[in-house]
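Written out below as structure tokens is the structure these notes cover.
Residue numbers (my numbering), protein chains in the order written: chain U, 1 to 182; chain E, 183 to 614.
Listed below in structure tokens is the structure:
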């Protein structure tokens with residue numbers, strides 16, 4: 001996990017953490033997600049007499065935003081495959097750790113497929129992906145009673161494009177928090 | 183939506199008994215099985231009477247769209263005062279090379295009842311091939327036109343028509359990542375489209391019963407999926423039930439008594455079947471692979487389905503009790519969505535190979551594979567009730583999904599007459 005600390009004033013810190021998946025993605029594969037550009041450090045205040053602007057504190061721990069930004073809510077799969085890839089495992093480890101830290105959180109695992117398949121086959125494929133993630137999280141101590149699964153097949157692409165990169169982004173399992181977050 | 187109660191009656195099929203008892207004398211016919219067929223030139227002048235021009239236009243469009251007929255531009259017509267009580271002036275029609283001529287007359291009585299008489303003529307044999315009369319309520323004039331189209335099609339091709347039918351499909355709107363999908367229905371020529379669901383949840387893969395005005399479809403919500411039965415005549419809609427897993431890919435048996443479908447549990451998808459009378463269901467496959475897209479043979483004895491048990495999605499056929507599964511697709515590529523033809527002769531499928539998608543057909547033993555279409559994304563064929571034409575979804579890269587048709591020879595590929603975005607078409611049986 002990359003952590004960038006921006007020091008504005010001695011007593012105030014803004015912490016922005018980027019999703020682990022983006023950083024550890026295997027170089028031989030298309031980038032699974034668009035990494036937000038590293039925000040430039042704000043310029044130093046030139047007018048000391050002006051009160052400093054409010055400083056972003058990042059998401060509060062235990063919130064949905066914390067999960068999405070600091071853990072990562074999506075992992076990616078190879079074509080017609082539901083094996084958990086090496087770049088997905090650290091994200092799922094982090095998801096399990098976070099879920100174990102916040103045991104009242106309930107989740108829905110949503111399996112998705114790219115459009116290069118038929119509607120029905122891709123529903124079955126998306127279900128395999130959701131269940132592969134479910135099995136991983138359960139093996140790391142997350143109770144199965146906190147997890148439901150659904151497959152959207154190819155009905156819910158996150159990238160409207162038709163490049164191999166777009167297909168790659170659309171082959172994923174999304175961990176949606178349904179309740180229990182702060 | 184309730185299906186309008188229809189009274190289209192064939193009241194006088196034999197206005198010209200002489201012509202019908204000697205069909206072998208007819209000179210014109212369309213051989214639908216020839217790959218290089220030239221469309222038959224036909225003339226369909228506007229019928230006399232109220233709605234007569236519109237009825238002739240619907241017939242003209244139907245015949246033209248089949249690809250088997252070439253309607254002649256009415257501007258070329260010489261005889262303008264046709265009367266169904268008299269023979270046409272055949273010489274006038276020979277001059278413009280009309281081989282078939284359809285003329286008719288519409289009368290509407292004081293109660294609003296519509297009566298249409300029509301004749302089909304073999305121009306070069308100077309012979310009447312058909313003389314019929316249909317009566318209906320006047321708002322059903324389009325259905326009368328479809329019935330006449332079917333009669334003409336059947337007389338000239340020797341096969342049942344498919345024009346008095348409807349298509350249920352998924353109407354799509356919105357962008358690619360927030361697409362709204364609504365169940366919809368229209369006449370096969372695109373007329374009378376209407377929505378059956380409101381778009382608040384995803385619907386897909388509607389399928390018609392081949393014996394009644396009933397459909398089955400899948401609804402997908404974040405909480406899970408359901409399969410519904412929906413009777414279009416009564417408006418009654420009911421869920422197939424709860425199966426402790428995702429359910430999808432429903433399809434009726436040809437007698438309408440059963441629905442085969444997929445149930446996914448713990449990532450494993452199997453084919454199940456439910457008897458609709460007893461509501462008892464059983465699992466037909468138990469392989470740890472994906473087993474989906476089941477489709478019954480017309481006699482109900484076998485089911486073709488899609489499985490990746492061999493490592494990639496391929497087509498299989500098993501007995502209706504789940505025994506004796508055998509693979510039938512062996513070409514290169516991935517084969518999906520097998521659909522048994524109403525005649526039993528073919529299994530249509532979606533094939534993915536070399537970065538392209540195809541609609542194809544093969545015999546139920548896997549022989550005789552023919553690819554009928556090629557595009558970026560073709561999928562989900564449905565058979566017209568006569569087994570002559572298939573409708574399917576076609577998507578261009580980054581574009582909207584549209585409905586298309588192709589005939590079983592693969593020669594006639596064209597957009598279906600629905601100008602909006604749609605997918606997952608399913609053809610109805612011939613209406614009564």
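Even for Gly, the Cβ is constructed at its ideal location relative to N, Cα and C.
A direct Cα-Cα distance of roughly 21 Å separates residue 472 of chain E from residue 422 of chain E.
Residue contact with chain U for residue 444 of chain E: present (Cβ-Cβ distance below 8 Å to some residue of chain U).
A buried status is given to residue 82 of chain U, since no fewer than 16 other beta-carbon atoms sit within 10 Å of its beta-carbon. The three-state reading of DSSP puts residue 262 of chain E in coil, since its state is none of H, G, I, E or B. Relative to residue 401 of chain E, the option among E/487, E/271, E/430 and E/310 whose CA is nearest is E/430. Out of E/317, E/361, E/224 and E/490, the CA that lies nearest to the CA of residue 302 of chain E is found in E/224. In this structure, the straight-line span from the alpha carbon of residue 174 of chain U to that of residue 387 of chain E is close to 24 Å. Annotation for residue 471 of chain E: no alpha helix (DSSP H) segment contains it, and DSSP assigns it neither H nor E.
Sequence-distant Cβ neighbours of residue 100 of chain U in its own chain, meaning closer than 6 Å and more than five residues away, are 141. For residue 165 of chain U, there is no enclosing beta strand (DSSP E); the residue is part of the alpha helix (DSSP H) that begins and ends at 164-170.
Only those residues of the stretch 86-115 of chain U whose C-beta falls short of 8 Å from the nearest C-beta of chain E are listed: 108, 110 and 115. A straight-line Cα-Cα distance of about 12 Å links residue 377 of chain E and residue 604 of chain E. For the C-beta of residue 518 of chain E, the chain U residues within less than 8 Å are, from N- to C-terminus, 117, 118, 120 and 121.
Neighbours of residue 563 of chain E in chain U, taken as residues whose beta carbon is under 7 Å from its own, are absent, since the nearest beta carbon is some 11 Å off.
At a cut-off of 8 Å between beta-carbon atoms, residue 486 of chain E makes no contact with chain U.
In the DSSP annotation of this structure, the continuous segment of the alpha helix (DSSP H) that includes residue 331 of chain E starts and ends at 323-339.
For the C-beta of residue 62 of chain U, not a single chain E residue is nearer than 7 Å; the gap to the nearest is close to 23 Å. Contact check for residue 384 of chain E against residue 155 of chain U passes: the beta carbons are separated by less than 8 Å. Taking 8 Å as the upper bound for CB-CB distance, residue 504 of chain E and residue 467 of chain E are in contact here, some 6 Å apart. The DSSP-derived three-state label of residue 530 of chain E is strand.
Between residue 559 of chain E and residue 577 of chain E, the C-beta spacing is below 8 Å.
Around the beta-carbon of residue 258 of chain E, fewer than 16 other beta-carbon atoms lie within 10 Å, marking it exposed. Counting other Cβ atoms within 10 Å of its Cβ, residue 405 of chain E stays below 16 and is therefore classed as exposed. If you look at residue 444 of chain E, you'll find it in the beta strand (DSSP E) that goes 440-447. If you look at residue 138 of chain U, you'll find it in the alpha helix (DSSP H) that goes 119-139. Scanning its chain for C-beta atoms nearer than 8 Å, with the 5 sequence neighbours on each side dropped, one finds around residue 483 of chain E the residues 501 and 502, in chain order. Excluding the 5 residues flanking it on each side, residue 610 of chain E has same chain C-beta neighbours closer than 6 Å at 347, 348 and 390, in chain order.
Contact with chain U is absent for residue 554 of chain E, since none of that chain's Cβ atoms lies less than 8 Å from the residue's Cβ.
Residue pairing by DSSP puts residue 363 of chain E in a beta bridge opposite E/354. By the criterion of a C-beta distance shorter than 7 Å, residue 233 of chain E is surrounded in its chain by 288 and 323, once the five residues flanking it on both sides are discounted. Residues of the stretch 133-153 of chain U that bring their beta carbon within less than 9 Å of a beta carbon in chain E comprise 134, 135, 148, 149, 150, 151, 152 and 153, in sequence order.
Taking residue 283 of chain E as reference, the option from E/575, E/312 and E/469 with the minimal CA-CA separation is E/312. A straight-line Cα-Cα distance of about 53 Å links residue 338 of chain E and residue 110 of chain U. In this chain, the alpha helix (DSSP H) harbouring residue 239 of chain E covers 234-247. Going by DSSP, residue 385 of chain E is part of the beta strand (DSSP E) stretching over 384-390. Within 10 angstroms of the beta-carbon of residue 164 of chain U lie fewer than 16 other beta-carbons, which makes it exposed.
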